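All you need for this note's numbering is the position in the sequence shown, starting with 1, plus 893. Ideal placement from N, C-alpha and C gives every residue a C-beta, glycine not left out. Keep in mind it's a predicted model, so treat the numbers as computed, not measured.
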Amino acid sequence: MIGFAEGSVTAGVSRLGVIGVRREYRGRGIGLRLLEEFIKESKRRGAHKVYLWTPVALKPAIKLYVEAGFVPEGFLRKHFYGMDMVIYSKFLK
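What follows is the structure, given as structure tokens:
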């Protein structure tokens with residue numbers, strides 16, 4: 894397996910729980926393709942919005958989400974394992 898994306902759709906809102914790409918395959922656009930497929934599947938399941946949260950320090954992930962059209966929507970201070978998290982979302986057309 895090279896990569897994966899996991900999430901769920903509830904009440905028209907899709908939550909991206911995790912997206913991962915094996916280290917040796919990073920930087921090849923695979924994460925963006927996985928994210929695009931996750932968004933397509935979310936639409937197919939009736940979602941009008943996708944959201945996620947990510948650690949503030951995880952710059953490559955933030956770059957990926959912004960590149961895909963996600964915008965910051967909120968901030969979770971000292972959340973999981975004491976890390977600050979940013980909530981990103983994207984409304985689907």
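With DSSP run on the structure shown, which of helix, strand or coil describes residue i?
i	result
Lys971	coil
Gly900	strand
Ile895	coil
Val976	Sequence check: residue 976 is Met here, not Val. Of the three classes helix, strand and coil, the one that applies to Met976 here is coil, per DSSP.
Out of the options, which one is the CA nearest neighbour of residue i?
i	options	result
Ala950	Leu957, Val911, Asp977	Asp977
Val906	Leu928, Tyr918, Leu945	Leu945
His941	Ile932, Pro948, Ala898	Ile932
Phe963	Ala954, Leu969, Lys971, Arg970	Ala954
Arg916	Phe897, Gly975, Lys986	Phe897
His972	Val914, Leu925, Thr947	Thr947
Ala961	Lys936, Val902, Tyr981, Tyr974	Tyr981
What separation, rounded to the nearest whole angstrom, lies between the Cα atoms of residue i and residue j?
i	j	result
Arg938	Gly910	16 Å
Gly920	Ala904	34 Å
One question on the structure: do residue i and residue j come within less than 9 Å of each other, judged by their Cβ atoms?
i	j	result
Tyr958	Leu928	yes
Quick one: which unbroken beta strand (DSSP E) runs of 3-plus residues sit fully inside the region 908 to 972? Chain order, please.
The DSSP assignment places complete beta strand (DSSP E) segments of no fewer than 3 residues inside the region 908 to 972 at 942 to 948, 964 to 969, in order along the chain.
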